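S.K.:
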Amino acid sequence: MKKICVMIAMICSVFFFSPSNSLAKESTEQLLESALLNRYYSVIRQVTEDQYECDSVTNIKRLGKKDEFVPRFEVTI
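Residue numbers (mature numbering (1 follows the signal peptide of the UniProt record, and there is no 0)): -24 to -1, 1 to 53.
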């Protein structure tokens, strides 16, 4: 009986002390957003270069709340 209790306690401790996805610093939405920004950075740069005759995009910052349905961004050129 003690062996079973020890085994159950060990299994529970593994699940309790293992890192959880919910404890991640960035949410899945934020990770996807940053990946898309990295992927389409060249397109954003090209559009701003054609439209505003600038050489580079120095910063892209999200405006508003984290839970907005349609996010807004500030592009520094």
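Every residue gets a Cβ at the ideal spot worked out from N, C-alpha and C, and that includes glycine.
A quick note: this is a predicted structure, and the numbers were derived from the prediction, not measured.
So what does Arg48 bridge to, in DSSP terms?
M.R.: Leu39
S.K.: Under 9 Å between the Cβ atoms of Thr52 and Lys37?
M.R.: yes
S.K.: In three-state terms, what does DSSP make of Glu31?
M.R.: The question names Glu, yet the displayed sequence has Asp at residue 31. In the structure shown, Asp31 sits in coil (DSSP, three-state: anything other than H, G, I, E or B).
S.K.: Under three-state DSSP, which class holds residue 71?
M.R.: There is simply no residue 71 to check, as the chain begins at -24 and stops at 53 in what is shown.
S.K.: In whole angstroms, what separates the C-alpha of Cys(-20) from that of Gln6?
M.R.: 41 Å
S.K.: Taking only three categories from DSSP, how would you classify Met(-24)?
M.R.: coil
S.K.: Spatial neighbours of Ala(-16) within its chain, please: CB distance less than 7 Å, with the 5 preceding and 5 following residues excluded, ordered by chain position.
M.R.: none
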